[in-house]
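Chemist: Residue numbers (my numbering): 1 to 205.
No residue lacks a Cβ here, since even glycine has one placed at the ideal position from N, Cα and C.
In this text, all values refer to a predicted model and were calculated from it rather than measured experimentally.
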């Protein structure tokens with residue numbers, strides 16, 4: 001409320017009880033609706049689902065078929081045994097292969113009298129890129145399986161390695177041997193795609 005002064009006339013009026021009553025007469029109490037009064041468990045805005053970070057069965061969640069759960073668990077154990085989630089070993093194995101292949105290609109370009117500018121950008125054929133990457137993956141995975149098979153008794157006594165599949169008993173020796181033969185078979189098939197000179201050189205080393 002602004003008081004009347006000499007140079008300022010009163011331009012506002014005080015809100016009396018009668019004025020407030022008249023203004024709220026357009027909105028009677030019968031029309032006022034609380035939005036939470038009609039809420040039930042079916043239309044509640046709160047999240048009704050239950051989230052879980054573990055593999056335990058949550059009530060109300062649809063369960064996968066047993067064969068799907070069995071296959072998923074087996075794949076997880078095999079991946080842990082072959083260290084598929086750790087790519088450092090495969091990278092260390094494939095880098096010398098790429099380096100040697102680039103040197104061989106560069107030497108071939110030199111003997112063929114290629115442009116010297118090309119020698120600053122040695123390249124590797126695409127099929128060798130794929131073969132070396134796949135071979136490094138299978139060979140390194142086979143090496144990890146052999147390591148766990150030999151050290152399974154020692155791994156059980158070490159805190160860091162007692163959770164490995166063979167040390168914890170999640171997988172048996174027969175199953176690990178079958179997986180080892182599979183990885184070695186794939187690596188051998190990839191090695192057969194190399195030239196005889198490269199294969200003999202690799203075996204000699």
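According to DSSP, is residue 149 part of a helix, a strand, or is it coil?
Modeler: Helix at residue 149.
Chemist: Determine the extent of the alpha helix (DSSP H) in which residue 158 is found, giving its start and end residues.
Modeler: Where residue 158 is concerned, there is no enclosing alpha helix (DSSP H), given that its DSSP letter is neither H nor E.
Chemist: Does the Cβ-Cβ distance between residue 192 and residue 199 come in under 9 Å?
Modeler: Yes, the pair counts as a contact, with Cβ atoms nearer than the cut-off.
Chemist: Let me confirm a value: residue 81 is counted as buried when at least 16 other C-beta atoms fall within 10 Å, else exposed. Which label applies?
Modeler: Under this definition residue 81 is a buried residue.
Chemist: Helix, strand or coil for residue 100? Go by DSSP, reduced to three states.
Modeler: In the structure shown, residue 100 sits in a helix (DSSP, three-state: H, G or I).
Chemist: Shortest alpha-carbon distance to residue 140 belongs to which of 196, 204, 65 and 187?
Modeler: Taking only the C-alpha atoms, the option nearest residue 140 is 187.
Chemist: Mind checking residue 165: buried by the 16 CB within 10 Å criterion, or exposed?
Modeler: Buried: at least 16 other Cβ atoms inside 10 Å.
Chemist: Please report the residue range of the alpha helix (DSSP H) in which residue 195 lies.
Modeler: Neither: residue 195 is in no alpha helix (DSSP H) and is coded neither H nor E.
Chemist: Is it the case that the CB of residue 69 approaches a heavy atom of the ligand SAM more closely than 8 Å?
Modeler: Here there are no bound small molecules, and the ligand SAM is not part of this structure.
Chemist: Following the continuous alpha helix (DSSP H) through residue 71, name the residue where it begins and the one where it ends.
Modeler: Taken as a continuous stretch (DSSP letters only), the alpha helix (DSSP H) holding residue 71 covers 66 to 81.
Chemist: Could you give the DSSP three-state label for residue 140: helix, strand or coil?
Modeler: Residue 140 falls in the helix class under three-state DSSP.
Chemist: Between the C-alpha atoms of residue 152 and residue 101, what's the straight-line distance to the nearest angstrom?
Modeler: Whole-angstrom Cα-Cα distance: 37 Å.
Chemist: Between residue 168 and chain B, is any beta-carbon pair separated by less than 9 Å?
Modeler: Looking for chain B here will not work: only one protein chain is present.
Chemist: So, using beta-carbon positions, are residue 194 and residue 129 closer together than 9 Å?
Modeler: Cβ atoms of residue 194 and residue 129: not closer than 9 Å.
Chemist: Leaving out five residues on either side along the sequence, give the residues of the same chain with a beta carbon under 7 Å from the beta carbon of residue 142.
Modeler: Answer for residue 142: 180, 183, 184 and 187, listed in chain order.
Chemist: Exposed or buried, residue 171, counting other C-beta atoms within 10 Å across all chains shown (16 or more means buried)?
Modeler: Classification of residue 171: buried, given that the 10 Å Cβ count is 16 or more.
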